[in-house]
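Undergrad: Its first residue numbered 1, the sequence shown is counted upward by one per residue in the UniProt record's numbering. All C-beta atoms in this analysis are idealised placements derived from N, C-alpha and C, irrespective of residue type, glycine included. Let me give you the structure first, and then I'll get to my questions.
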Amino acid sequence: MATTVSNLITRILCENQGRLDYKQLYQKIRQTVTVVDSLLFDVLSDSSKFVIIAGKQKAASRALGADSIIIAKTSLRLCQKLPNDCNNCGDLHLCRYFVCGNCKYRNKCKNSHDLDSAYNRGVLRAKGLQELGEAALFHLLLQNDSYLLPEICSHYNKGNGEHGSCRYKEGCTNLHVCQHFLQGDCKFGAACKRSHTFGPSTMKILSGRGVSPENMRILHEIYKNRFAITHHAEKPAGSPPAPPPAPAVKERSRKPSSNSISEADSNEICLFFIRRHCSFKEKCIQVHYHLPYRWQVLSSDGSTWKDLPNMEDIEKAYCNPEKNKSQGSPPVDFLTMTFGAWKVRRLSTASSVTKPPHYILTTEWLWYWQDEHGKWSEYGQEANGKTASSITSQSLENVYLADVDKEVQFSAGNQHYVLHFKDMFQQNCKFKTKREVRRRPRFLSAQEVEKKLKKEMPETSSSTAVCVPQHWDKAALPDFTYKLVTLSSSTMEYRQVEQLFRRTMPASTIHSIQRVQNPSLWRVFQWQKEQMQKKNGGKAVDERLLFHGTEQSLITAICEQNFDWRICGVHGTMYGKGSYFARDAAYSDRYTQSNSKTKSMFVVLVLVGEFTRGATNYLRPPEKGTNQGFYDSCVDSETNPTIFVIFEKHQIYPEFIIEYS
């Protein structure tokens, strides 16, 4: 009975734009079947099928208010593989443009338009969706499958100006529309500076995705449902709100949670720009600034950040663990990260432990603890007559970046302690005394930054040659950029790449294969391989040659600075938000964009390591198990992977470029 009622509710919702309030839904259910309230509540409480947004009207226990909103949810998705490449993945085998309502190829499309195929009917039966009509099913998919519709640009929704803080401007492939308007909670109304309509550029993007005019008219409702499904906490309506956290009384951990990693990356200062050669230029997702730190205050509009004056003085004070505030009136409060009544943030370059040793101007974070006399000592250093601890700033930083909730055990002399990252204190295991802990950067003045930049001497040909493959052309080893070396068709290297390419692209003509020689990227790649080997007990890392198709305009930047999935294109995020690489050249050919008849495709050396099946919400690979570390990458299938998702660009080396037609 419960299954029958659940399927009925899903059908009713999807025939009514994916959502209804409880009163309307109840009336429509009663037209078909009589259901006791307790059973109905149990069915609707299934968070895998429904999202409940509590209304203002009160309801009895195990019941819903009449104005509560019910939204249809599903785990069903479209398969993103090439036709005939997938046998039984459990996802629908359908053309994405057909689902969006407007496939220009119609009957000639190479992707399936057959919802009634034996395979698709079996998938629908397994999900209990076999009774849905085509329009209702497609509406359900549109509001649940992130592969189908473009995302709302988060950068457009921040900052001032026509395009907010979006650096892509008219070239952005995400929608420049007010997110709060689509969520139904924009407090500015007609006075809002963000767009509340789908303008020409937005319509062009949507048309390119195959969104039909009929779906355009209800797109506001589709996105509204999609936001609710994505962001609404999965708990019964009417649950009491969690109490607010207690105010901080000491320095707190500021490591971003996993769901905000991409935002944290976009707030990181670009190391290439500091060294004065960022090839991504205005497309770079990171902050372009001349120092490895930047102090900013939030403006009264609540969305614009402005640089603070006397930035170097603020940084110098912050780097001293004894300081709670900077000089000046008002001062910057480092414990609350405020400037008077306004919120403050500190941007910085990547932590030094995440980059190879030869990287300059990374941020070296130091860890301190406070003794009973109020003196601060760095971990691993003897000071104030205290025995050095068994852990150092570097080891703590590594653990902290991996897991901010972790508790670290260590010793100093004959005493044993536990350090709690979350609340930033250490505790003596025997006497239970607690000491405050602080994480502060090592200070670098603007003058010292300039000295480091001038001191960074170009590598000589001999020193570079030591750490690059023997077969590379030693006359084409630049210092901070790359050279392309055209391979002779008679070489083993050329034939290996050609064979790999022709396995799925036999009819294509190869015009050239070029080797990318970038000593700097190669050193980083080898360093990453060493780190992965150490974590794996010395076992060799699984390394594969894979394909990647991208825009012609991004090839130079990729050769110089490697892949960045936020810039180099996201062709679906079914297995996680990272850079996608394919076993088959035919798959990557779908994403190769060129203004001429000749196309270019990367053949990439990838450290796939240990992998597991990905998921659309992954921002990094999941854990292998309790205290077993994380996987290295995600795939579409663990037994026969054809798509690999890489979240750390140091695991990638763009080795070859194939020009073909």
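Let me know the secondary structure DSSP gives C166 once reduced to three states.
TA: Here residue 166 refers to the residue found at position 166 when the sequence shown is read from its first residue. In the displayed model, C166 falls within coil according to three-state DSSP, outside both helix and strand.
Undergrad: Taking H180 as the reference, which of C153, D333, E162 has the closest Cα?
TA: Translated into positions along the sequence shown, residue 180 becomes position 180. With distances taken between Cα atoms, H180 lies closest to C153.
Undergrad: If you compare alpha carbons, which of V604, S207, S596 is closest to F581?
TA: Reading the sequence shown from its first residue, position 581 is the one you call residue 581. Out of V604, S207, S596, V604 has the C-alpha closest to the C-alpha of F581.
Undergrad: What number of angstroms, rounded off, separates the C-alpha of M1 from the C-alpha of A135?
TA: The residue you call residue 1 lines up with position 1 of the sequence shown. The residue you call residue 135 lines up with position 135 of the sequence shown. Rounded to whole angstroms, the separation of the alpha carbons of A135 and M1 is 26 Å.
Undergrad: For T486, count neighbouring Cβ atoms within 10 angstroms of its own Cβ and tell me buried if that reaches 16, exposed if not.
TA: Position 486 of the sequence shown, counting from 1, holds the residue named residue 486. Answer is exposed; the Cβ neighbour count stays below 16.
Undergrad: Check for me: the alpha helix (DSSP H) holding A72 runs from which residue to which?
TA: One-based indexing of the sequence shown puts residue 72 at position 72. First-last for A72: 69–72, but that is the beta strand (DSSP E), not the alpha helix (DSSP H).
Undergrad: Roughly how many angstroms separate the alpha carbons of S45 and E131, rounded to a whole number?
TA: As a working mapping, residue 45 is identified with position 45 in the sequence shown. As a working mapping, residue 131 is identified with position 131 in the sequence shown. Computed Cα separation, rounded: 21 Å.
Undergrad: Which residue wins for smallest C-alpha separation from F611, given the options S348, L78, G576, N595?
TA: Stepping through the sequence shown from its first residue, residue 611 is reached at position 611. Checked all of S348, L78, G576, N595; the closest Cα to F611 is G576.
Undergrad: Which first and last residues belong to the beta strand (DSSP E) in which C634 is found?
TA: Sequence index remark: in the sequence shown, residue 634 carries index 634 (1-based). Membership of C634 in the beta strand (DSSP E) is indicated by the continuous run 633–635.
Undergrad: Quick one: Cα of G101 to Cα of V497, how far?
TA: The residue given as residue 101 occupies position 101 in the sequence shown. The residue given as residue 497 occupies position 497 in the sequence shown. Cα to Cα, the separation comes out at about 39 Å.
Undergrad: Measure the alpha-carbon distance for N7 versus L129 and round it to whole angstroms.
TA: Residue numbering aside, residue 7 sits at position 7 when the sequence shown is read from its first letter. Residue numbering aside, residue 129 sits at position 129 when the sequence shown is read from its first letter. Approximately 7 Å between the Cα atoms of the pair.
Undergrad: Reducing DSSP to helix, strand and coil, say where K640 ends up.
TA: For the purposes of this step, residue 640 is taken as the residue at position 640 of the sequence shown. Residue identity differs from the one stated: residue 640 is Asn in this sequence, not Lys. In the structure shown, N640 sits in coil (DSSP, three-state: anything other than H, G, I, E or B).
Undergrad: Roughly how many angstroms separate the alpha carbons of S600 and T573, rounded to a whole number?
TA: Taking the sequence shown and counting its residues from 1, one reaches residue 600 at position 600. Taking the sequence shown and counting its residues from 1, one reaches residue 573 at position 573. S600 and T573: Cα-Cα distance of roughly 23 Å.
Undergrad: Can you tell me whether A446 is buried or exposed, with buried defined as 16 or more other CB within 10 angstroms of its CB?
TA: As a working mapping, residue 446 is identified with position 446 in the sequence shown. Per the 10 Å Cβ criterion, exposed.
Undergrad: Give the straight-line distance between the Cα atoms of S303 and V404, rounded to the nearest whole angstrom.
TA: Residue numbering aside, residue 303 sits at position 303 when the sequence shown is read from its first letter. Residue numbering aside, residue 404 sits at position 404 when the sequence shown is read from its first letter. About 27 Å.
Undergrad: So which of I643, T616, V608 has the shortest CA-CA distance to F630?
TA: Your numbering for residue 630 matches position 630 in the sequence shown. It is V608.
Undergrad: Measure how close the beta-carbons of L477 and Q517 come, nearest whole angstrom, since I'm counting them as under 8 Å.
TA: Within the sequence shown, residue 477 is the residue found at index 477, counting from 1. Within the sequence shown, residue 517 is the residue found at index 517, counting from 1. Their Cβ separation, rounded to whole angstroms, is 6 Å, which keeps L477 and Q517 in contact under 8 Å.
Undergrad: Measure the alpha-carbon distance for R590 versus G549 and round it to whole angstroms.
TA: Numbered from its first residue, the sequence shown carries residue 590 at position 590. Numbered from its first residue, the sequence shown carries residue 549 at position 549. Whole-angstrom Cα-Cα distance: 7 Å.
Undergrad: Where do the ends of the beta strand (DSSP E) carrying Q427 lie?
TA: Reading the sequence shown from its first residue, position 427 is the one you call residue 427. Its beta strand (DSSP E) spans residues 425–428.
Undergrad: By the three-class DSSP mapping on this structure, what secondary structure does V35 have?
TA: The residue you call residue 35 lines up with position 35 of the sequence shown. Note: V35 maps to coil in three-state DSSP.
Undergrad: With respect to 7 Å, is the separation between the Cβ of V516 and the closest non-hydrogen atom of the ligand GTP below this value?
TA: The ligand content of the structure shown is nil, which means the ligand GTP is not present either.
Undergrad: On the premise that F644 lies in contact with S637, defined as a C-beta separation below 8 Å, what is that separation, rounded to the nearest angstrom?
TA: Reading the sequence shown from its first residue, position 637 is the one you call residue 637. Reading the sequence shown from its first residue, position 644 is the one you call residue 644. That pair is no contact at about 11 Å.
Undergrad: Whole angstroms are fine: how far does the CA of S393 sit from the CA of K74?
TA: Stepping through the sequence shown from its first residue, residue 74 is reached at position 74. Stepping through the sequence shown from its first residue, residue 393 is reached at position 393. The question names Lys, but residue 74 in the sequence shown is Thr. Going from the Cα of T74 to the Cα of S393 covers about 46 Å.
Undergrad: Checking 8 Å against the spacing of the C-beta atoms, do F647 and P622 come in under that value?
TA: Within the sequence shown, numbered from 1, the residue matching residue 647 stands at position 647. Within the sequence shown, numbered from 1, the residue matching residue 622 stands at position 622. For F647 and P622, no; Cβs fall outside 8 Å.
Undergrad: Given a threshold of 16 other Cβ atoms within 10 Å of its Cβ, counted over all protein chains shown, does P441 qualify as buried or as exposed?
TA: Position 441 of the sequence shown, counting from 1, holds the residue named residue 441. The residue is buried, with at least 16 neighbouring Cβ atoms inside 10 Å.
Undergrad: With respect to the alpha helix (DSSP H) encompassing F198, which residues constitute its N-terminal and C-terminal limits?
TA: The residue you call residue 198 lines up with position 198 of the sequence shown. First-last for F198: undefined, no H or E at that position.
Undergrad: Does the Cβ-Cβ distance between F334 and K323 come in under 8 Å?
TA: One-based indexing of the sequence shown puts residue 334 at position 334. One-based indexing of the sequence shown puts residue 323 at position 323. A contact, by the Cβ cut-off of 8 Å.
Undergrad: Just curious, the beta strand (DSSP E) that E364 is in, first and last residue?
TA: Residue numbering aside, residue 364 sits at position 364 when the sequence shown is read from its first letter. Run containing E364: none; DSSP gives neither H nor E here.
Undergrad: Taking 8 Å as the threshold (C-beta atoms), are T362 and S377 in contact?
TA: Position 377 of the sequence shown, counted from the first residue, corresponds to residue 377. Position 362 of the sequence shown, counted from the first residue, corresponds to residue 362. Cβ distance not < 8 Å, so S377 and T362 don't count as in contact.
Undergrad: In whole angstroms, what is the alpha-carbon distance linking N84 and A228?
TA: Numbered from 1 along the sequence shown, position 84 holds the residue referred to as residue 84. Numbered from 1 along the sequence shown, position 228 holds the residue referred to as residue 228. Distance between the alpha carbons of N84 and A228: 35 Å.
Undergrad: What is the rounded straight-line gap between the Cα of R276 and the Cα of H290?
TA: Residue numbering aside, residue 276 sits at position 276 when the sequence shown is read from its first letter. Residue numbering aside, residue 290 sits at position 290 when the sequence shown is read from its first letter. Cα to Cα, the separation comes out at about 9 Å.
Undergrad: Express the C-alpha separation of P292 and W367 in angstroms, rounding to a whole number.
TA: Here residue 367 is taken as the residue at index 367 of the sequence shown, counted from 1. Here residue 292 is taken as the residue at index 292 of the sequence shown, counted from 1. Looking at the two C-alpha atoms, the distance is approximately 19 Å.
Undergrad: Could you work out which residue in H511, E312, K355, Y359 is closest to Y660 when comparing CA atoms only?
TA: Here residue 660 refers to the residue found at position 660 of the sequence shown. Looking at the Cα atoms, H511 is the closest of the given residues.
Undergrad: In its own chain, which residues sit with a C-beta less than 6 Å from the C-beta of L347, not counting the 5 before and 5 after it?
TA: Residue 347 sits at position 347 when you count from the first residue of the sequence shown. Non-local C-beta neighbours of L347 in its own chain, meaning closer than 6 Å and more than five positions away in sequence, comprise N267, I269, V287, R294, ordered along the chain.
Undergrad: With burial defined as no fewer than 16 other Cβ atoms inside 10 Å of the residue's Cβ, what is the status of Q593: buried or exposed?
TA: Sequence index remark: in the sequence shown, residue 593 carries index 593 (1-based). Within a 10 Å sphere around the beta-carbon of Q593 sit fewer than 16 other beta-carbons, which makes this residue exposed.
Undergrad: On the premise that S112 lies in contact with C95, defined as a C-beta separation below 8 Å, what is that separation, rounded to the nearest angstrom?
TA: Within the sequence shown, numbered from 1, the residue matching residue 95 stands at position 95. Within the sequence shown, numbered from 1, the residue matching residue 112 stands at position 112. Going by Cβ atoms, the distance from C95 to S112 rounds to 6 Å, so yes, they are a contact pair.
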